[in-house]
Each structure stands twice: as C-alpha cells, then as structure tokens.
Amino acid sequence: MSTPLLSVRNLTKQFDIGSGFLLRNDAVVHAVDGVSFSIPPGETLGLVGESGSGKSTTGRCILRLVEPTAGEIWFQGRNVSALDARAFRALCRDMQIIFQDPFASLNPRMTVGTIIGEALTIHKLAPSKEAFTDRVVELLETVGLQADHMHRYPHEFSGGQRQRIGIARALAVEPKLIICDEPVSALDVSIQAQVINLLEDLQGKLGLTYLFIAHDLSVVEHISHRVAVMYLGRIVELASARDLYVTPLHPYTEALLSAVPVTDPKARRKRIVLQGEVPSPIHPPSGCHFHTRCPIRQLPLCAREAPPLKETASGHFVACHLRS
Amino acid sequence: MSEPLLEIRDLKTHFATDNGIVRAVDGVDITIRRGETVGVVGESGCGKTVTAMSVLKLIAMPPGRIVDGQILWQGRDLIPLEADELDDIRAKDIAMVFQEPMTSLNPVYTIGEQIAEGLRRHEKLSRRAALERTVEMLRLVQIANAEKRVHDYPHQFSGGMRQRVMIAMALSCSPKLLIADEPTTALDVTIQAQILELLADMKARFGMAVMLITHAMGVVAETAQRVVVMYAGRVIEEAPVDELFANPRHPYTQGLIRSIPHIDRAATTKKRLEAIPGVVPRLIDPAPGCRFAPRCRFAMPACRLATPALRDVGGGHKVACILETGGLPQ
C-alpha cells in the first residue's frame, strides 16, 4: 500500500453535556472512541453505521470543524491536530467536505457564483474578475450545471442540483481529499444515481480521495474500495468492500447487511433482526459495546473486555472476541 | 380475488398556489382489496402522500381541493361526506401511520392519553377500559414495561419506539385498512427491519389491508403483494410484486430499479449506475402528453400528444406507456 494521504490515529471525541445546577453533573457523550484508519491517495473509504455511531463526528474532527478530544490526524505526512489556525487554514485547501442536507448547507442569500467562488476569494486563487468568473463557470460545467446558473439563488434549484453546487464548491480549491458526509441520503433514487456517478467520474478525472460517510450500505458498497463499520463510536470491522460484503465477520456487520431490504422479491431470506436499540453513547455498555444486542455473545468475556481491532486475513480487520 | 375495499377512481387533488395550480394528483386509480398489501412507490413530489391524505380528506382545504374523482370505501363515496360522517370511518375503518414519528405525536399528552382518545371516541370505552386496552396494544407492539410507559410523553421514546406507538394507536380500533406513509423512512436499517417485521406480524394478527407508501423499492419488494408506481401525479404502472421486479414495463420503473445500487456478492466489477437524466417535472401547467417523456430515452413525438392511459397488458400488469399498450389512446 502506498503512503496514506490521510491517517487517523486513536481519534477520540467526547462532548460534555453537563446537566443540573450550573452543569455540575458531568455527563459526557462518547461520540468517537479511539478510531484509527488510513486512506491511500485515490481511494474511497466508506464509513457506515447507524445514527449516533460517530461517523459524522469522525469526519468533522478530521477537518477540525469540531476539535478532537484526543488522537492524531496525519495528512500528507503532517500532524494536522498540532497545526495553528493559520497553517491549518492553508491546509484546508487540500481537504474539503460535502454535506448531507443540500437545503441547509447553501446560504440562501448568496448567488451560486458567490457560493462556489467564496473559497477562491478566501484563498486568493483568482487574480482577476475574469479569472474568477472563468473558474466558476468551469466548476459549474464540471459538475453538470450551466454557466448561467451562477447568477441564480439556491432556492431555484432542486435537491440534486444543490448537491452538485455543494460539490462544485468543494472542488473550487482543488482539494486532494473530500469528506462526503451522507451526500446522497436526502436525494431521490434516480437523482442519487446521478450524484454517485458524478462523484465516481470526478475521482477518475481528478484523482480525488474520498471518505464516504453514509448509512446506506448498498450505496457505500457501490462507491467504496474499503469499508469501515462503526458502532457506538468504535470501528468494529474494516475490510475491502468485497470482503466485507461477501464474508462479514462481525455479528453487527452481519445483522446490518441482513437488514437491508433487497429489490428482488424472490430473494426473501432469513433476516437477523437485532433486539433493542443502539444504547446511549452517554453510558455505552462495558466491554464490547455491541454485547447487549449481540446474538453470539459470550458472557462474561464480552461484557468485560473491549475487543481490539485485529487483522484476521490480509486487510480484513475485526473487533470481536469470538471472530478474530 | 376478494372484493375491493377501497377504490380510488380518477382522483384529482389540486393545490392553488401563488404561481398557479399544482396538479399534485391528477387522475389516479388505485384499488385495494381486503387483506392485501399494496405498495405505492415513487419519488418525492409524485403525489403518493397527497393520494393517501385525500382518502381521509386530511388535505388542507384551501389551498387543496379534490377536483374530481371518487373514493369508494366498500362501495360508498367518501368525497361528499361531512366531517362527522368521516369521523366514523377514520381510525375505525381506515387508520394511518405517518412518516415522522418525531412530529406526529402530540408532545403535551402522554402516549396513553393519545392512544386512549381514539378508543374512547370510537369504541365508546370507559376511561379504565381504554387504558387497559392501550396497555395491551403497547404490549402487542413490543414496548417493554407497557403499564409504566403508557404514562410517558413522546419525548421519552426513541424514533423506533415512537413508530411502534403510532402503529399501536393506528391499530387500536382494529381498522380494515392501514395506510402507512413512509413508516420506516426516518429510521435506521436495523430499526427499519424491526418495524417491518412488526407490521407483518400485526397484519397476520388483524388481517387488515395495508397501503404502504414508500420511496424505497427494497421495502416494497419485501412487503407488498401488488405495487403501484406513481410519477408526477399519475399511476404509470401497476403489477403483482414479482412481476414488477422481474419484468418492469414502463421506462420509468425500469430506470428506477436500475438506478438503485444493490449489493451483489457475486459481481467482480462494479457496474456504473444507470441514472435517469433530468429532474421530476413541475406540476404547475404540465406539458400535455406523457409526463415522463422529457426524461425518457424511448420518447417519440407521439408521446407528447396525449396522456397515455393505464391499460392492462395481461395478468393484472397495467402500464401507461404507448410503447407497451400500442398506439395512442382515444
């Protein structure tokens, strides 16, 4: 494997949600709990998990949109978490994000041209007004929109088109890494396919690296080279997309895969229905976080010790006492 | 084949807006028979929710208006009914589960009060009897510790639990038809699996018919017996579920099925997704002819002349496309 573009080591984020008089009862949400992974250049790493698994927080910590509590983020051989604000801002040119909600992530008072060009202005990438316009037009065309769209406002566009605007904004500074935080979850399926194809085309053309965060397993399988599955702030399994879907090892991954409805009515199969819900990340279960819902747990081991993420086959990592 | 329970005939529900009349539902025919599950699929804005809301007249009028059509409930047209007559049908005969389990419960009443309200009103139960029945319903939808939780407020429940409460409320008066509008859309996949299993259980127990509205083809493939596909306010295809997925006839349905990434364990290379180009048309003054024509790769000049009628092409498979039904409708 080539030198990773991005390397996340033992990333931890805790949110204080003190309650009671003057926030004296210290309650802490363990959103991300010791997550490590790396992405080589040009690859797509899918990050899947249910609500509250910490996948979005992981993405945001990488860009320091939320400051990590502990852990290191290395980007192109530099420790991002140690940089001061000025050095970090320069680095931001190489790392961009696309957000989930195409209706909330664009400023309704700015024209599309201003939205896409804002980063050009901030990073002083356009020497003249003409260069600015040319670049915005080029970006619009790259994502399948038209030049005259730059004078319009976000409300004049559909969800799929807004997501294209979000992608154009991310591309403006020629980043190397794009964190895609549920970029297609809010879109209808026919539009979703357009945006997925666009992201794939851009990766081929511009050599982009993606961290693709989503809860839809079939979308993640389609777009990712490798996939990491998160549960309550920890990675429970990490493998190539093919290995993960063909031979899932972690019982949570198995249940998650079997829960996806398939579009073939003849293929009705036995489904592993997990009992109960994801426990609260304020008081995550002891030991393996999944042991409260696990169909194959062995007590007391699983409730006592958190299993480490271990490599079982080449490139296939799993955190389970019984499967590694 | 059993008798029709609900027959929606040529329903047209329009909304007056500042920009013109939105033809949200524009000539929809759907029949639901006793005990069957009918999936209604389509993308945002295709009119599936407005169709469901029109059945119970839950449309805000104005700006909405049911312009034309009939909604026959066991042969009786619901459209001309007065509010109090409709009340007897709502909940008791036809109940509804909404998409947003977060917003469709009243935050200032306990869930027990909300479920009991329907029971006291429709089943004329006493306060005590209604409470007992409510606890029983909550147990049925697998809410642990039901006799205590009945006194809790909606904010004390998670999303999946609230959807269970909604289902308990909808089923409390043993309706003959349950309209479930995107019941699992807001939920995580493992919770979605639980809710779909619960709905299947409840259906087996109560034997009601279900009209399942969703945009997820996978959910329909796994739960429905018959599927109705809607596009831009009209039904464009209808077929038994196996037939629809094995042999989709309308270009839109074909595109919809192909545009979904599916997990293929045998595939060695990933195929590019087949996206449907363009966007769903605006429903203000739609162009004449087939509404899918601007996005259809098979579109011919004839497609833009007149709206194709939904016609049976054999075996209960109906499609509204002149390529499939041959020639122009008269």
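Those protein sequences? They're chains A and B, same order as listed. Residue numbering for the first sequence is 10 to 333, as defined by our numbering. Residue numbering for the second sequence is 7 to 336, as defined by our numbering. In this text, a Cβ means the ideal position worked out from N, Cα and C, and glycines have one as well.
Considering only the beta carbon of each residue, do residue i and residue j sit closer than 9 angstroms?
i	j	result
leucine 266 of chain A	isoleucine 197 of chain B	no
isoleucine 85 of chain B	lysine 63 of chain B	yes
glycine 239 of chain B	aspartate 32 of chain B	yes
glycine 43 of chain A	arginine 243 of chain A	yes
aspartate 194 of chain B	isoleucine 219 of chain B	no
isoleucine 222 of chain A	isoleucine 174 of chain A	no
arginine 87 of chain A	glutamate 183 of chain A	no
proline 366 of chain B	cysteine 327 of chain B	Outside the shown range of chain B, which is 7 to 336, sits residue 366 of chain B, and nothing can be said about it.
methionine 102 of chain B	alanine 206 of chain B	no
valine 121 of chain A	leucine 149 of chain A	yes
leucine 184 of chain B	alanine 215 of chain B	yes
threonine 53 of chain A	arginine 178 of chain A	no
tyrosine 162 of chain A	methionine 104 of chain A	no
valine 238 of chain A	glycine 58 of chain A	yes
isoleucine 305 of chain A	alanine 36 of chain A	no
proline 294 of chain B	leucine 311 of chain B	yes
histidine 325 of chain A	lysine 64 of chain A	no
leucine 11 of chain B	glutamine 80 of chain B	yes
proline 111 of chain A	arginine 171 of chain A	yes
phenylalanine 51 of chain B	leucine 289 of chain B	Per the sequence shown, residue 51 of chain B should be read as glycine rather than phenylalanine. Result yes, Cβ atoms of glycine 51 of chain B and leucine 289 of chain B sit closer than 9 angstroms.
phenylalanine 299 of chain A	proline 257 of chain A	no
glycine 53 of chain B	methionine 217 of chain B	no
arginine 297 of chain B	proline 287 of chain B	yes
glycine 70 of chain B	valine 61 of chain B	no
cysteine 297 of chain A	proline 316 of chain A	yes
valine 38 of chain A	isoleucine 26 of chain A	yes
isoleucine 71 of chain A	valine 89 of chain A	yes
glycine 151 of chain A	phenylalanine 141 of chain A	Checking the sequence, you will find threonine at residue 151 of chain A rather than glycine. No, the pair does not count as a contact, with Cβ atoms beyond the cut-off.
serine 45 of chain A	leucine 318 of chain A	yes
valine 327 of chain A	alanine 248 of chain A	yes
Give me the chain B residues within the contact set of residue i, using Cβ-Cβ distance strictly less than 7 angstroms, ordered along the chain.
i	result
serine 199 of chain A	Glu49, Gly261, Leu262, Ser265, Ala281 and Ile282
aspartate 273 of chain A	Ala227 and Phe251
serine 167 of chain A	Val285
serine 60 of chain A	Asp194
glutamine 203 of chain A	Ala281
Just confirm the distance between the C-beta atoms of residue i and residue j, as a whole number of angstroms; I'd bet it's less than 8 angstroms.
i	j	result
proline 254 of chain B	isoleucine 263 of chain B	6 angstroms
serine 164 of chain B	glutamate 286 of chain A	6 angstroms
glutamate 244 of chain B	serine 199 of chain A	Their Cβ separation, rounded to whole angstroms, is 19 angstroms, which puts glutamate 244 of chain B and serine 199 of chain A out of contact at 8 angstroms.
proline 181 of chain B	alanine 97 of chain B	7 angstroms
glycine 124 of chain B	serine 178 of chain B	6 angstroms
leucine 14 of chain A	glutamine 85 of chain A	6 angstroms
leucine 144 of chain B	arginine 134 of chain B	Not confirmed; about 16 angstroms, so no contact.
So which residues of chain A does residue i contact, with C-beta pairs closer than 8 angstroms?
i	result
isoleucine 269 of chain B	Leu226, Ser227, Glu230, Tyr254, Leu266, Val269 and Val271
Quick one: which chain B residues come within Cβ less than 8 angstroms of residue i?
i	result
valine 282 of chain A	Thr196, Ala199, Gln200 and Glu203
Can you name the residues of chain A whose CB is closer than 7 angstroms to the CB of residue i?
i	result
glycine 166 of chain B	Glu286
aspartate 278 of chain B	Inspection of the sequence shows that residue 278 of chain B is occupied by arginine rather than by aspartate. Those within 7 angstroms of arginine 278 of chain B in chain A are Asn206.
Using a Cβ cut-off of 9 angstroms, pull out every chain B residue sitting near residue i, in sequence order please.
i	result
isoleucine 291 of chain A	Under the 9 angstroms cutoff, chain B gives no residues; its nearest Cβ is about 14 angstroms from isoleucine 291 of chain A.
glutamine 212 of chain A	Within 9 angstroms Cβ-Cβ: nothing; glutamine 212 of chain A doesn't reach chain B, min ~13 angstroms.
Run down chain A in chain order and give the residues with a C-beta less than 9 angstroms from the C-beta of residue i.
i	result
valine 247 of chain B	Pro274
When you compare the CB of residue i with every CB in chain C, is at least one pair closer than 9 angstroms?
i	result
glycine 242 of chain A	Going by chain labels, chain C is absent from the structure shown, which instead holds the protein chains A and B.
- Quick one: which residues of the region 220-233 of chain B get their C-beta closer than 7 angstroms to a C-beta of chain A? List them in chain order. Here the close residues are His221, Ala222, Met223, Gly224, Val225, Ala227 and Glu228.
- Residues of the region 187-203 of chain B whose Cβ lies closer than 8 angstroms to any Cβ of chain A, in chain order: Listed by position along the chain: Asp194, Val195, Thr196, Ile197, Gln198, Ala199, Gln200, Leu202 and Glu203.
- Message: Under 8 angstroms, with one C-beta from each stretch per pair, do the region 185-202 of chain B and the region 212-230 of chain B reach the 3-pair mark?
- Response: The answer is yes - the region 212-230 of chain B touches the region 185-202 of chain B, with three or more Cβ pairs under 8 angstroms.
- Task: May I ask you to list, following chain order, the residues of the region 20-46 of chain B that have a beta carbon less than 7 angstroms from some beta carbon of chain A?
- Result: From the region 20-46 of chain B, no residue has a Cβ closer than 7 angstroms to chain A.
- Quick one: any contact between the region 44-59 of chain A and the region 207-218 of chain A, if contact means 3 or more CB pairs under 8 angstroms? By the C-beta criterion, the region 44-59 of chain A is judged to be in contact with the region 207-218 of chain A, since at least 3 inter-stretch pairs fall below 8 angstroms.
- Message: Three or more C-beta pairs under 8 angstroms: does that hold for the region 140-158 of chain A against the region 123-131 of chain A?
- Response: With the cut-off at 8 angstroms, the region 140-158 of chain A and the region 123-131 of chain A touch.
- Item | Stretch pair the region 167-176 of chain B + the region 39-56 of chain B: three plus CB contacts closer than 8 angstroms | As far as the Cβ criterion goes, the region 167-176 of chain B does not touch the region 39-56 of chain B, which means the pair count is below three.
- Report yes or no: do the region 160-169 of chain A and the region 70-89 of chain A share at least 3 C-beta pairs separated by less than 8 angstroms? Segments in contact, no.
- Are the region 223-231 of chain A and the region 294-308 of chain B touching, with three or more C-beta to C-beta distances below 8 angstroms? Output reads no: the region 294-308 of chain B does not touch the region 223-231 of chain A.
- For the region 90-114 of chain A, enumerate the residues whose C-beta is nearer than 8 angstroms to any C-beta of chain B, in chain order. Within the region 90-114 of chain A, no residue places its CB atom closer than 8 angstroms to a CB of chain B.
- Are at least three pairs of beta-carbons, each pair with one atom in the region 227-236 of chain B and one in the region 199-211 of chain A, less than 8 angstroms apart? These segments do not touch.
- Quick one: any contact between the region 279-287 of chain B and the region 19-31 of chain B, if contact means 3 or more CB pairs under 8 angstroms? Contact between the region 279-287 of chain B and the region 19-31 of chain B is absent, because fewer than three Cβ pairs lie under 8 angstroms.
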